[in-house]
Every structure is written in C-alpha cells, then in structure tokens.
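Have a look at the structure below, then the notes.
Number of protein chains: 2
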Amino acid sequence: MKSPITTIGFDADDTLWHNENLFEDHHSKYCQLLSEYHDAETVEKVLYETEMRNLELFGYGIKGFTLSCIETAIHLTQGEIKSEEIQRIIDHCRHMLSHPVELFDDVEEVLRNLSSKFQLILITKGDLRDQERKIAKSGLAAYFDHAEVVSEKTAESYARVLGRTRVPVKQFVMIGNSLKSDILPVLNLGGHGIHIPYRITWEHERVDSTPHEHDNFYQIESISQLPDLIDIIAVDSII
Amino acid sequence: MKSPITTIGFDADDTLWHNENLFEDHHSKYCQLLSEYHDAETVEKVLYETEMRNLELFGYGIKGFTLSCIETAIHLTQGEIKSEEIQRIIDHCRHMLSHPVELFDDVEEVLRNLSSKFQLILITKGDLRDQERKIAKSGLAAYFDHAEVVSEKTAESYARVLGRTRVPVKQFVMIGNSLKSDILPVLNLGGHGIHIPYRITWEHERVDSTPHEHDNFYQIESISQLPDLIDIIAVDSII
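Protein chains in written order, with the working numbering: chain A, 60 to 298; chain B, 60 to 298.
Listed below in structure tokens is the structure:
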C-alpha cells in the first residue's frame, strides 16, 4: 500500500555531498605525521579512543576533532611532538573547514524534482556554523523548506523537528547514509527510512545489523534512484 | 502608550547566567602561561587578532577560542611552547565546557513570573552542543516555549526565529547584555530592546554608542527590575 508521504528529510554530509573523504584524507596525513612514533593502526586506535572520550563535551565536528587530534599527538609522542607539527594539525582543520562542498552526482536534479511535490527538510548534525556554511556553499538551500542543525540525531531530536514543522511522523521519510543517525530513530518513531550507504562509515556510526525486515525500510545505491523509489512507496502530495 | 508585547526573547550568556567570567579566568591563566615570553597586554592583543582572523571559520564558542589560544601560543613563543603547556590549554577548554552554570540572582523567579503572561524564547549564539548543555544544566528550559541557538545574531537571524515562531516583531522585546547582538538588530527590525549591561563586555561585542534616543530602547541594571519595566511598557498578553 502506498503511504501518504508529505515530507522528505535529507541528511547532508555523505548523503548530498562528500564529507567523510575529507576526514579520510586528514587521517592519512595525521598517521604520516606520527609515523616515526607509532604505526598507523595504533594512531587510529588511540585517536578514536580520545574522540569517544571527548565526544560528550566536544560534540561532532571538525574543531572538536582537531582538539582530539592534538591531545592524541601529545599523548602518543609523550610530549615530544613539535609545536610546528601541532600548527600543521590546526592548519589542516582550517583546510577542512574552508573546503569546497562537492555534491554527489544528480543531487540538484533529484531535489528539484522532489521539491515540486513534497516538503523537503534538511536535518544534519554537527557544528552549527560549519553546517550552515556548507548548506550555503552547496547552492541547495532554496530546495528546502527548513534546515535544522541538531547536536545529536535521536528519536527525540527528530520528534522535536517534526513537531515544530507540524509534520506527522507517518507522513515523513528520512534519507541518509547512517543507519544509526538517519534511519533507525525515524523507524522507531513510526516514520519511513531510505538508506543510501556511503563507501566509508565512521566507526561511531556503525550498527550491528540492517533493518531489512522493517516494513518502512528501504535501501538504494545512489540518490539518483530516489525519485523512482518515492514514486513506488508514496502517494504524491502536491504541497 | 503601552505596546502589545506577546513575546519576550532572552539572551543566555551573561544575561541569565555568568559566562564572560569564565573567559576572564582563562585569559588570566593564559597570560600567566606565556608570561616568560611576553607581557599580558601583548598576549591579549595578539590573541584577539588571532580570534578575529579565525572567527569567520571557527565561529563563537570555547572550542574555536581554544584553537586560537593554541595558535597564538605557538606564534608568540616562536614554537618554543612545550606540548605539556598546550595540553594545559586544552585541559582548561574541558574545564570551561564542563563548568556548572551559575545563574544570576532572581533569574528563576523573574522567568516564572513572566512565563505566566508572555511567550518566552531563548535566543543564544555560539556552539550548538555547549549552549544546549548549558540550557539543560540551568534548569530553566521549562520556562521557555522555544530555544534557538544561532551562529550569528543579526537582523536576519532574528527575523528567521520570529518567522518560524510566528511572532510579529512589533510584539517582541529582546533582553540581553550585548547592544550589538541582542538589542540593535531587534530595534532595526522594529521590535523592542531591553539592555542589561554585564560588568565585562568582550571587545568584539562593543559598540560606539548606546541608542538612548530610540523609542523602543530601555536599559536596566539587573534582571530583577525586568517585571516592573515590562509592566510599564507592555500591555499584558495572557497567552
């Protein structure tokens, strides 16, 4: 049976544009920087532990990540790291923050198509200023009726966003690359979820299993397949 | 003539609770840390220049400030700063982020009084997660109908917040300690502003003159004077 979908929510990083590849590049340079002290595996492991320890206080985003990188470098080199190397870590933070936004193929066409028939909401987590800057740089802001930056993507935060935009959750479908942040909380609320995996998933976003059995769960390979899937599952709602 | 005020907006940092005193304490420790290299005046001047250079990319908040502190320390010591001293700067960042929220006197009583007669909105700028944490820790969240964290407080951002909460600007009064961020943008939109100066004003928030001549501008010394002033200027709106 088709569902009366009125509103489509989109994650941003690694759903509309590349993001994790910037971190991948940073990790590679960071491991190189510390290579005379430790192998890459150790560096990655200890950096991840530092990030997780700092996550509650620092939150998501490049600035908190950079502070964790600096702390880890001091710890792993027992204080031997040079200040010019710390400066290089900060310079790379600045490089990441000012990086151009690289849209996935077909994103604009898909949004143009869907925005004529549905209310579109952008829901992204992380650093407020950085996310706002990326939304502005993406050139996609005009396709969205609302854009919300949240500090965590939980059932509560989705319920708050849907409440303030007055969207019943049964009429809502969320699109994203993270099962943990984009899909499972929305399924739990009674909404729909369409998962588009990205080639890299940050360890913190990994979940044990994919909810293939769930009636409201769908998975596609790329955003260009989205309009056809929406045609199949949703009763078009001309807004 | 009394105005038909329906909605009162509150700034948070240095309006409802102390904040700038945490930075003051940090500055003092930071100048001490660098005292063998430069006098406090030079340290403050160069730190402020670094902050201003980084503001567009890093935004407001403790994490961006900490990255500016580290950069400035490396620069001012020509790379001689020890990594354990950089670690101390990061430790102090963590100390600031986890600091208890210290409410001003009478804040809760004032909010309880006003929330029975007006719609209250919290509008604060800075780091999303840090601001949300402070709102939660303050115990004041229940008095507010909405809380908004914005990346800059401009006429545009106030117009957006008022638009989404469907409040006509003529029915809105904003309360805060910063003329630049809390008062002038709202006066420019046609709303009302009540300034409550704090004993410290960050250089970036300073403006040349106070708009004493403006019909919709008021100034009081402490938040405990707010209910009486609101009684004088506003037609009570039972919401």
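Using N, Cα and C, we set each Cβ at its ideal position, and we do this for glycine too. Since we're looking at a predicted model, the values are computed, not measured.
1) Around the C-beta of residue 291 of chain B, are 16 or more other C-beta atoms found within 10 angstroms, so that it is buried, or is it exposed?
2) State the DSSP-derived secondary structure class of residue 277 of chain B, mapped to helix, strand or coil.
3) I'd like the span of the alpha helix (DSSP H) that includes residue 193 of chain A, first residue to last.
4) Give me the Cα-Cα distance between residue 221 of chain A and residue 262 of chain B, rounded to the nearest whole angstrom.
5) Against chain B, with Cβ distances strictly below 7 Å, would residue 188 of chain A count as a contact?
6) Quick one, which of B:232, B:196, B:286 and B:246 has its alpha-carbon nearest residue 72 of chain B's?
7) Between the region 191 to 207 of chain B and the region 116 to 135 of chain B, do at least 3 Cβ pairs fall closer than 8 Å?
8) Buried or exposed, going by whether 16 or more other CB atoms sit within 10 Å of the CB of residue 70 of chain A?
9) Could you tell me which chain A residues have their CB closer than 7 Å to the CB of residue 117 of chain B, listed as they occur along the chain?
10) Can you tell me which of the three DSSP states residue 266 of chain B falls into?
11) Can you confirm whether residue 143 of chain B, when its beta carbon is compared against all beta carbons of chain C, has any partner nearer than 7 Å?
12) Between residue 144 of chain A and the rest of its own chain, which residues show a CB-CB distance below 8 Å, the 5 nearest in sequence each way excluded?
13) Looking at the secondary structure, which residues open and close the alpha helix (DSSP H) in which residue 271 of chain A lies?
14) Report the option in B:265, B:289, B:88 and B:283 whose CA atom is closest to the CA atom of residue 276 of chain B.
15) Can the beta-carbon of residue 209 of chain A be found less than 7 Å from the beta-carbon of residue 282 of chain A?
16) Quick one: does residue 93 of chain A have its CB under 7 Å from some CB of chain B?
17) Using DSSP's beta-bridge definition, name the partner residues of residue 231 of chain A.
18) Just grab the DSSP bridge partners of residue 209 of chain B for me.
19) If you draw a straight line from the C-alpha of residue 159 of chain B to the C-alpha of residue 74 of chain B, how long is it?
So, to answer that:
1) Here residue 291 of chain B is exposed: its Cβ has fewer than 16 other Cβ atoms, across all protein chains shown, within 10 Å.
2) Looking at residue 277 of chain B - three-state DSSP - the assignment turns out to be strand.
3) In the DSSP annotation of this structure, the continuous segment of the alpha helix (DSSP H) that includes residue 193 of chain A starts and ends at 187 to 197.
4) Answer to the nearest angstrom: the Cα atoms are 39 Å apart.
5) Interface residue, yes.
6) Comparing Cα positions, the closest option is B:196.
7) A contact is defined here as three or more CB-CB pairs under 8 Å, and the region 191 to 207 of chain B fails this definition with respect to the region 116 to 135 of chain B.
8) Buried, since its Cβ has 16 or more Cβ neighbours within 10 Å.
9) Neighbours of residue 117 of chain B on chain A, chain order: 122.
10) The answer is coil: DSSP assigns residue 266 of chain B none of H, G, I, E or B.
11) Absence of chain C from the displayed structure is noted, the protein chains being A and B.
12) The residues 92 and 132, in chain order, have a CB closer than 8 Å to that of residue 144 of chain A in the same chain once the five nearest residues on each side in sequence are set aside.
13) Premise fails: residue 271 of chain A is in no alpha helix (DSSP H) and is neither H nor E.
14) The candidate whose alpha carbon is nearest that of residue 276 of chain B is B:289.
15) No, these two residues do not count as a Cβ contact at 7 Å.
16) No, residue 93 of chain A lies away from the interface with chain B (no Cβ there is under 7 Å from its Cβ).
17) A:66.
18) Residue 209 of chain B is bridged to B:184.
19) Looking at the two C-alpha atoms, the distance is approximately 16 Å.
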